[in-house]
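Heads up: the sequence shown begins at 1 in the UniProt record's numbering, then just goes up one per residue. Cβ coordinates follow ideal geometry from the N, Cα and C atoms, glycine included. Below is one structure, written out as structure tokens, with a few remarks after it.
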Amino acid sequence: MSWAFMMYLVIAEPIVKGLDECEWSKRFDEWRSLTAEYQKKPTDVNRDLLALTIRNMARGWGGPPEELQAEKTEVQEEMIEVLMGNPENLLFFESEIKEAKRKWSQSDQSSYEERKEYYSRCENSISILGFLPDPRSVRVLGELLTDTQAFWTSEGEEVLGPNCRYAMAGLKSLIEDGPESSDDPIYGKVIDRNAWIHWYDQVKSGNRTFRFRGSDQFYSLQGPVDKALGSYLEPGSLPTRRDSIKDRFSRNWESHKFEKRDAKLRGFGLIYLGVGFSVIVLGFIVYKKIHDFKVGRS
């Protein structure tokens, strides 16, 4: 049995399929055993297994029933605390990203296997940093916000490429007092990334502090501080201007070619849906009138 398949049995299967209350309690015990095993033997394999479990427990689908959510959170927090207890782990995840980038820069970037390996290594390390409330996590994630290098498209940049996308998701998960998310249904993520880049620039320059979720302690990138810096971000406010769609499309990014195409497809799609709905309604009306006419004659 492969190591990957064992991971599926231990972690992914219960989340995908769902378990009853008794089975979830048993699974919690198994996850606590993983934590204890790492404390006993902090090997690379146990570290990676612990990190994988933390990430999978945060998936938006599946999960235990409502009455067990608090215990799930408790188990996950125990895992995070233990993982952060070894300062070498944060350094490892950061170095893993750097090493993945170094190898990617020297690889055959047209190869699907090379792209897949780079994507997986970056996703795993960037995603786990979004669960580790430490200024070093914020620094690594903040620097990745501008990493728009494309590796699923043939060339150019992706304004929401995987690395900057996972970095932004990690910061949103960690930071209590960051920019409010945009409610724009189409370009919200682009607007959010601009806001987080601006936010991180302020943090990096020493003009803004931050708090981690569930904590009243203020931090800079150097560590805890006594005084908060930076103006409060009102709900819905963004510390950057919103670029118009015309301005965004005028930029020569590879991803914008796809945005233009997708915008046209969305427009055509809405037209087709509208026409289709109208035809259905009209057909129903005609059918109803014919039916009523026949009933009246009979």
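Which of helix, strand or coil DSSP assigns to residue i
i, result
"F28", "helix"
"Q202", "helix"
"F210", "strand"
"S220", "strand"
"V281", "helix"
"Q69", "helix"
"I186", "coil"
"V75", "helix"
"Q39", "helix"
"R242", "At R242 the pLDDT is 49, less than 50, meaning the model places this residue with poor confidence; the figure from the coordinates comes in the next sentence. It is coil, neither helix nor strand."
Rounded Cβ spacing between residue i and residue j (contact assumed at less than 8 Å)
i, j, result
"Y166", "I126", "4 Å"
"R121", "N89", "In fact, because the Cβ distance is near 16 Å, the residues do not count as touching under 8 Å."
"M79", "T53", "6 Å"
"E114", "S107", "4 Å"
Residue i and residue j closer than 8 Å at C-beta
i, j, result
"R208", "G230", "yes"
"G130", "L174", "yes"
"K204", "G161", "no"
"I128", "A51", "yes"
"L68", "W24", "yes"
"W199", "P224", "no"
"L145", "M84", "no"
"P65", "E21", "yes"
"M57", "K72", "yes"
Buried or exposed (CB count within 10 angstroms, at least 16 for buried), residue i
i, result
"S110", "exposed"
"G170", "buried"
"A36", "exposed"
"R193", "buried"
"I191", "buried"
"D184", "exposed"
"L112", "Checking the sequence, you will find Tyr at residue 112 rather than Leu. Under this definition Y112 is an exposed residue."
"C164", "buried"
"D34", "First, the amino acid is wrong: residue 34 is Leu here, not Asp. L34 comes out buried."
"K140", "Checking the sequence shown, residue 140 turns out to be Val, not Lys. With 16 or more Cβ atoms within 10 Å of its Cβ, V140 is classed as buried."
"L49", "buried"
"D292", "exposed"
"Y287", "exposed"
"Y219", "buried"
"D147", "buried"
"Y118", "buried"
Candidates the options: closest to residue i by CA position
i, options, result
"E74", "V275, F28 and W199", "F28"
"residue 300", "K40, I128 and V138", "Because residue 300 is not part of the residues shown, which for the chain are 1 to 298, the question remains open."
"K98", "E123, P135, R59 and K288", "E123"
"R136", "Y38, E176 and F93", "F93"
"V82", "A100, N56 and Y38", "Y38"
"E176", "D226, G274 and D216", "D216"
"Q222", "G206, R59 and Y232", "G206"
"Q149", "K101, F277 and D226", "K101"
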